[in-house]
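Please read the structure below before turning to the comments.
There are 2 protein chains.
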Amino acid sequence: MDDDQLDLVFHALASQPRREILAAVRGAPGCNVNFISELFDMSRIGVMKHLAVLEAANLIVSEKVGRERQMYFNPVPIQQIHEMWTDEFTRHFSASLTKLKRIIEQGEDK
Amino acid sequence: MDDDQLDLVFHALASQPRREILAAVRGAPGCNVNFISELFDMSRIGVMKHLAVLEAANLIVSEKVGRERQMYFNPVPIQQIHEMWTDEFTRHFSASLTKLKRIIEQGEDK
DNA sequence: TCTATAAGTAACCAAATGGTTACACATTGA
DNA sequence: TCAATGTGTAACCATTTGGTTACTTATAGA
């Protein structure tokens, strides 16, 4: 996941309405734009703009079926960030262990 | 972590320069504003604005020591989101298991 | 004490964001 | 075929964002 994609994903998640829209899509796989917009106190176009942000971030994927746009939650970006952070915490923990060993060894040298 | 805080954290992370500034602070605990701003091709005030965003999101904490502002990385918000996502993946996995059990039981009923 | 250094504040400005309404186009189903 | 339904585009606008320069205040050290 490159930096541009990270920008898009974090930005998409940086708005409560958008997180709620994402949750709604996740809870109703294959739902359409109207279904989602009825859940929110916002114009349909407003909702569509949020959906566009989520889709640009690859957090949802959609498919035109006739006159409907069916939308699906895509778990991958969040999972990738989660793994990235998991790796980072692990690495940081290892670095702390290495530091601790060094301190202990210095203690034994004296 | 409430929704306002989530907004702040994700927004703070939604900019490559800001992620790089955060990494720089993390790599140099106790560093000052000038140290950070020398690392970037941006005015000091520009960097300060980014630092303010990171601090509002609680991703860094700082402390005025004389004329210096010493800054530290705060790992907590990212860890909290990481846990939140871990919980969610686990719950989702459990829900999938429950669903799978139900399908199997229906298969046995027939 | 005075100069250098570190940070803070204010103002400015272009671009981006996040909403709105109005209108248009495409598909569905009676 | 035509009305209903679903979506898309365009335009608008207020606010926010992300940078800049100019100036000020506070602290450190010679």
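So the sequence lines, in the order shown, correspond to chains A and B.
If you want our numbering, it's the position in the first sequence, counting the first as 1, plus 1.
If you want our numbering, it's the position in the second sequence, counting the first as 1, plus 1.
Cβ coordinates follow ideal geometry from the N, Cα and C atoms, glycine included.
Exercise for review: Assuming Arg-45 of chain A and Val-34 of chain A form a contact by the criterion Cβ under 8 Å, report the distance between their Cβ atoms to the nearest whole angstrom.
Suggested key: 7 Å
Review point. Pairing CB atoms from the stretch 16-30 of chain A with CB atoms from the stretch 2-14 of chain B, are three or more of them under 8 Å?
Key: yes
Check your understanding: Helix, strand or coil for Phe-74 of chain B per DSSP?
Key -> strand
Point to revise | Cβ of His-12 of chain B within 7 Å of any chain A Cβ | key: yes
Practice item. Identify each residue in the stretch 79-95 of chain B for which the Cβ-Cβ distance to at least one residue of chain A is less than 9 Å, and report them in chain order. Key: Ile-79, Gln-80, Ile-82, His-83, Trp-86, Thr-87, Glu-89, Phe-90 and His-93
Exercise for review: Given a cut-off of 7 Å, decide if Val-54 of chain B and Ala-13 of chain B are closer than it, judged by their beta-carbon atoms.
Suggested key: yes
Check your understanding: When the cut-off is 7 Å and only beta carbons count, does Pro-15 of chain B lie next to chain A?
Key -> Pro is not the amino acid found at residue 15 of chain B; the sequence shown has Ala there. It does; some Cβ of chain A falls within 7 Å.
Point to revise | 7 Å Cβ shell around His-51 of chain A - same chain, five flanking residues per side excluded | key: Pro-18, Arg-19 and Ile-22
Check your understanding: Just the Cα atoms here: how many angstroms apart are Phe-41 of chain B and Thr-91 of chain A?
Key -> 28 Å
Review point. Roughly how many angstroms separate the alpha carbons of His-93 of chain B and Ile-37 of chain B, rounded to a whole number?
Key: 41 Å
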